[in-house]
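Here the sequence shown is numbered in our numbering, starting from 17 and rising by one per residue. Even for Gly, the Cβ is constructed at its ideal location relative to N, Cα and C. Before any comments, here is the structure.
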Amino acid sequence: MKTNSKGHSKNLIRVADYIAQFLVDKKINDIFVLTGFGAMYINDAIAANPKLKYYCVRNEATSPMMAEAYARIKHIPGAVCLTAGPGSTNAVPGLAEAWVDSAPVIVISGQVDKKHTTNYSNLPNLRTFGTAEIDIIPIIKPITKYSVMITKPESIRYHLEKAYFLATSDRPGPVWIDVPQDVQYALINPKKLKGFKPIKAKASYLNKQIKQVLKYLILSKKPLIVAGQGIRQSEAISDFKKLISTLNIPFTLTRLEACNPVCWR
17 MKTNSKGHSK NLIRVADYIA QFLVDKKIND IFVLTGFGAM YINDAIAANP
67 KLKYYCVRNE ATSPMMAEAY ARIKHIPGAV CLTAGPGSTN AVPGLAEAWV
117 DSAPVIVISG QVDKKHTTNY SNLPNLRTFG TAEIDIIPII KPITKYSVMI
167 TKPESIRYHL EKAYFLATSD RPGPVWIDVP QDVQYALINP KKLKGFKPIK
217 AKASYLNKQI KQVLKYLILS KKPLIVAGQG IRQSEAISDF KKLISTLNIP
267 FTLTRLEACN PVCWR
């Protein structure tokens, strides 16, 4: 077995480097960062990846907002990297905006070593343990489609793939991956990692929904179509135009800046 200068197998890489390359493989070549001790190995991996460009923000609260704008312009998820404790809690306002606007934003946060987290302290009612440590997952769980702290290095592929899938499928939204320091620098073999296999929605369920809508339309005396942002996000603008033209039913939009779908691009 071939080894590198440090005596490790050449097939092994750090979890932090796997995260950076995962973003690149998903064609996410930009990431919004505010560096910190808790995310030092992820920061290093981002800087070391030649295909990943980082933008240093002045405040964590703005990073999800910038990632949201990026997602809307590029039509791919925006990425964020934050540090532990206040570095994560400061991002909550921007995360909430991404949540209500249904924006696919992937947040990667650093964390203290697992043994220094409140979850692993075995002490009841403990609010903080490690340096600037806080259990961020319960805080952001209500405003994310998926949130998890990585406790096993070999699970990183599964959680990243699941987070990406959920961020971009159905109604998009933000996801959050919290990575303790000892997991960040842990060595893994990318070829031996377990992936995530999404469960596809059954066609019978979708057909049932369509039939129910048609039933309501037939019974309605004065139907009105309310069109939301999901039409744009699902790239169904042309389909919606055909629908309103065929049905000849009045419609209104939830977004006031566009008075007619004809204006949509």
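Can you find the residues in the same chain that come closer than 7 Å, C-beta to C-beta, to residue i, ignoring five residues on each side of it along the sequence?
{"i": "Arg281", "result": "In this predicted model, Arg281 has a pLDDT of only 45, less than 50, meaning its place in the structure is not dependable; the value taken from the coordinates is given anyway. Once the five neighbours on either side are set aside, Arg281 has no close Cβ partner at all."}
{"i": "Thr78", "result": "Gly110"}
{"i": "Gln249", "result": "Ser118, Pro188"}
{"i": "His132", "result": "Phe145, Gly146, Glu149"}
{"i": "His81", "result": "Checking the sequence shown, residue 81 turns out to be Met, not His. Counting only Cβ-Cβ distances below 7 Å, and skipping sequence neighbours, we find Gly110, Glu113."}
{"i": "Asn45", "result": "Lys67, Leu68, Lys69"}
If I'm right that residue i touches residue j with Cβ under 8 Å, what's the distance once you round it to whole angstroms?
{"i": "Val121", "j": "Lys161", "result": "Contact doesn't hold; Cβ gap of about 10 Å is too wide."}
{"i": "Val40", "j": "Lys67", "result": "5 Å"}
{"i": "Ile47", "j": "Val96", "result": "7 Å"}
{"i": "Lys43", "j": "Tyr180", "result": "In fact, because the Cβ distance is near 11 Å, the residues do not count as touching under 8 Å."}
{"i": "Lys207", "j": "Asn65", "result": "Going by Cβ atoms, the distance from Lys207 to Asn65 rounds to 19 Å, so no, they are not a contact pair."}
{"i": "Val195", "j": "Ile58", "result": "7 Å"}
{"i": "Ile193", "j": "His175", "result": "6 Å"}
If you measure between the beta carbons of residue i and residue j, is that distance less than 7 Å?
{"i": "Leu269", "j": "Ala243", "result": "yes"}
{"i": "Val164", "j": "Val31", "result": "no"}
{"i": "Phe267", "j": "Ile247", "result": "no"}
{"i": "Ile265", "j": "Pro239", "result": "yes"}
{"i": "Pro169", "j": "Ala202", "result": "yes"}
{"i": "Cys72", "j": "Val108", "result": "no"}
Considering only residues of the same chain and omitting the five flanking positions on each side of residue i, which have a CB-CB separation below 6 Å?
{"i": "Ser104", "result": "Leu98, Ser125, Ile152"}
{"i": "Lys157", "result": "Ser163"}
In its own chain, which residues sit with a C-beta less than 8 Å from the C-beta of residue i, not counting the 5 before and 5 after it?
{"i": "Ala85", "result": "Gly94"}
{"i": "Asn135", "result": "Asp151, Met165"}
For residue i, is the classification buried or exposed, using 16 other Cβ atoms within 10 angstroms of its Cβ as the cut-off for buried?
{"i": "Asn76", "result": "Looking at the sequence shown, residue 76 is not Asn but Glu. The residue in question, Glu76, is buried, as its Cβ has 16 or more Cβ neighbours within 10 Å."}
{"i": "Arg173", "result": "buried"}
{"i": "Gly211", "result": "exposed"}
{"i": "Ala63", "result": "exposed"}
{"i": "Lys178", "result": "buried"}
{"i": "Val116", "result": "exposed"}
{"i": "Gln5", "result": "No answer is possible for residue 5: it lies beyond the span of the chain, which begins at 17 and ends at 281."}
{"i": "Asp33", "result": "buried"}
{"i": "Leu182", "result": "buried"}
{"i": "Ile89", "result": "exposed"}
- Item | Meets three-Cβ-pair contact criterion under 8 Å: the stretch 47–62 and the stretch 124–131 | yes
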